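Engineer: Protein chains in written order, with this note's numbering: chain Y, 1 to 179; chain W, 1001 to 1179. For each residue, glycine too, the CB sits at the ideal point set by N, CA and C. No experiment lies behind these values; they were computed from the predicted model shown. Let me begin by handing over the structure; questions about it come next.
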DNA sequence: CGAAAATTTGACATGACTCAACTGGAGTGG
DNA sequence: CCACTCCAGTTGAGTCATGTCAAATTTTCG
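Listed below in structure tokens is the structure:
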């Protein structure tokens, strides 16, 4: 990422460092999301809570991932999601306005964000396809192949929720074919 | 979209017009996707086919939507999907290279694509959340609210597939609460 | 050690799928 | 205009995958 002095300066000014302790919120349901964050270290989750109080994990992230609620930040609407730290986290946060600023002014940032977008969009498509096409066991197999790291960092009930199944079903799937 | 003469020229050169008759492929599973397309008129679907020969619709599009396999076009890998015309279509196609060219050279194109990206990413997130959190009936309700147009353009068995349920289940859901 | 969190297990309920049959258009061709 | 076929949609009966609930177990960590 070749940045000259002046560009580097702009980038530094746009980001703020932030720390979260385990279980602390980055975003709470009902609030408008003001910042995106880049995870320097730690692990986070984004989830909705339904009428029955059940959490549904829409996104997991660890080092080098970005987190934030696109819909809320762009539309300026209250978020339907919570984002919190699953491990203690070091974050770099940036507002939407500053993001646009950087995008407009620094070509290499633009390239980078574009690539991120692409990856994100590809990953979403895969997950969607897997969710509508496959049974629980194959979805878990896919997950293990795509994100082996996550297995080490998140407990199984969170992974189950990410896969759209219950922790009991995941437990049975892991044991071997359901009996 | 304010474009000067020269920019307009670049844009025109980048796109090619293309017509597809109903059922004709825009992309076939196994081929590398070379172009994205903008739907001027008509309706298209993108779907995978599993081992049992069942089609799983990952994307539907009508006028003013874009279609293409991001993963294949960016990674240059054979696509896992088919994209075909559900109605006769008029398309504008553009290669990845030309897209990047336009992005780099014309700020207003960049803005536009960026907004498209945002919308797409938001829509994906919603669909994903709906798919992992909700039962068939609520998912259908969501769909009707978000995409009433699609109901007019695609038969129910395609919508069922998009929702990740069978046509029989959709039929029962539409009838009223499952009996 | 003791409490809280994570995981597993079993019995049972149920939503969704499968399969096969049937209905009702919308063409198409004789 | 009718017979014929193709496609979309509906229905019913039986089955299966996954969810629910409650309890037992294991692990983690202060």
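#1: Please return the same chain residues whose Cβ sits closer than 6 Å to the Cβ of residue 106 (chain Y), not counting the five positions on each side in sequence.
#2: Considering only C-alpha positions, which residue in the set Y:88, Y:148 and Y:47 is nearest to residue 233 (chain Y)?
#3: Does any residue of chain W bring its CB to less than 8 Å from the CB of residue 27 (chain Y)?
#4: With distance defined between alpha-carbon atoms, name the residue in W:1130, W:1035 and W:1056 nearest to residue 1018 (chain W).
#5: Can you round the beta-carbon distance between residue 1091 (chain W) and residue 1020 (chain W) to whole angstroms, since I take them to be within the 8 Å contact cut?
#6: Distance cutoff 8 Å, beta carbons only. Does residue 1093 (chain W) sit that close to anything in chain Y?
#7: With 7 Å as the limit, tell me which residues of the region 134 to 168 of chain Y have their beta carbon closer than that to any beta carbon of chain W; keep them in chain order.
#8: For the region 51 to 71 of chain Y, which residues have a beta carbon sitting closer than 9 Å to at least one beta carbon of chain W?
#9: Please decide whether residue 1128 (chain W) counts as near chain Y, where near means a Cβ-Cβ distance under 8 Å.
#10: Need the endpoints of the alpha helix (DSSP H) that residue 1105 (chain W) sits in, please.
#11: Would a C-beta distance cut-off of 8 Å place residue 1170 (chain W) and residue 1160 (chain W) closer than the cut-off?
#12: In the DSSP assignment, find the beta strand (DSSP E) that holds residue 1006 (chain W) and state where it starts and stops.
#13: Pick helix, strand or coil for residue 1077 (chain W), following the three-state DSSP scheme.
#14: Please state whether DSSP places residue 1027 (chain W) in a helix, a strand or coil.
#15: Mind checking if residue 48 (chain Y) is an interface residue toward chain W, Cβ cutoff 8 Å exclusive?
#16: Tell me which same chain residues have a C-beta within less than 8 Å of the C-beta of residue 2 (chain Y), skipping the five on either side of it?
Structural biologist: The short version:
#1: Only 7 meet the Cβ criterion.
#2: The first residue shown for chain Y is 1 and the last is 179, placing residue 233 (chain Y) beyond what the model contains.
#3: Answer no: the Cβ-Cβ gap between residue 27 (chain Y) and chain W never drops below 8 Å.
#4: Out of W:1130, W:1035 and W:1056, W:1035 has the C-alpha closest to the C-alpha of residue 1018 (chain W).
#5: Right, the Cβ-Cβ distance comes to about 7 Å (below 8 Å), so this counts as a contact.
#6: No, because no Cβ of chain Y sits closer than 8 Å to the Cβ of residue 1093 (chain W).
#7: Sequence-ordered contacts of the region 134 to 168 of chain Y with chain W read 164 [C-beta pairs closer than 7 Å].
#8: Per Cβ criterion, the list reads 54, 56, 57, 58, 59, 69, 70 and 71.
#9: Yes, residue 1128 (chain W) counts as interfacial toward chain Y.
#10: Under the DSSP assignment, residue 1105 (chain W) falls in the alpha helix (DSSP H) whose first and last residues are 1096 to 1105.
#11: In this structure, residue 1160 (chain W) lies closer than 8 Å to residue 1170 (chain W) by Cβ.
#12: Here residue 1006 (chain W) belongs to no beta strand (DSSP E); instead the alpha helix (DSSP H) covers 1005 to 1014.
#13: Residue 1077 (chain W) falls in the coil class under three-state DSSP.
#14: Strand.
#15: Output row for residue 48 (chain Y): interface = yes.
#16: Counting only Cβ-Cβ distances below 8 Å, and skipping sequence neighbours, we find 108.
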